[in-house]
Amino acid sequence: MKSTRELYWDDIEREHERAEKKQDQIYQVNEIVSSLSAREKELFQLKYVALLSNAECAQKMGIKEGTVKSMSQRIREKIDRYFEMIIRSYHFFETL
C-alpha cells in the first residue's frame, strides 16, 4: 500500500503529464491555424471556437452557407493532412 506522500507525488506526476499533453495540443492547434488563410481562420474561430452554425457563420462572414460548408471541408482536410504528417514522422523516427 502506498503512503500518503507517494500518493501525493503520483498525483503531482499525473497532473504534470496532463499539463504537458495540453501544451502539446495547444501547439498543434496553433500550427494548424497558422496554415489557414485569413478567411479560413475567421471561419475556424466562428465555427469551432464560437460554435456557430453554418448559417450563422455565413451571415457573420457575408458569404453563402454552401461556401461555409466547402471552406469547412478544406479546413478539415488541412487538419487531416497535418495529423497524417505527424503520424508519418512518428513512424519514421520509430524505425530509426
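Following this note's numbering, the numbering of the sequence shown begins with 2 at its first residue and continues without gaps.
Glycine is no exception: its CB is placed at the ideal position from the N, C-alpha and C atoms.
- For valine 69, the number of other beta carbons within 10 angstroms of its own is at least 16, and it is reported as buried.
- Taking the CA atoms as reference points, methionine 62 sits about 15 Å from tyrosine 49.
- A direct Cα-to-Cα measurement between arginine 75 and glutamate 32 gives close to 16 Å.
- Residue state for leucine 53 is assigned as coil, using DSSP reduced to three classes.
- Looking at the backbone, the Cα of glutamate 66 and that of serine 54 are separated by about 10 Å.
- Bounds of the alpha helix (DSSP H) holding leucine 8 are 5–35.
- In chain order, Ile33 place their CB closer than 6 Å to the CB of tyrosine 83, counting only its own chain and leaving out the 5 sequence neighbours on each side.
- At least 8 Å separates the beta-carbon of cysteine 58 from that of leucine 37.
- Pairing leucine 52 with isoleucine 87, the inter-Cα distance amounts to about 27 Å.
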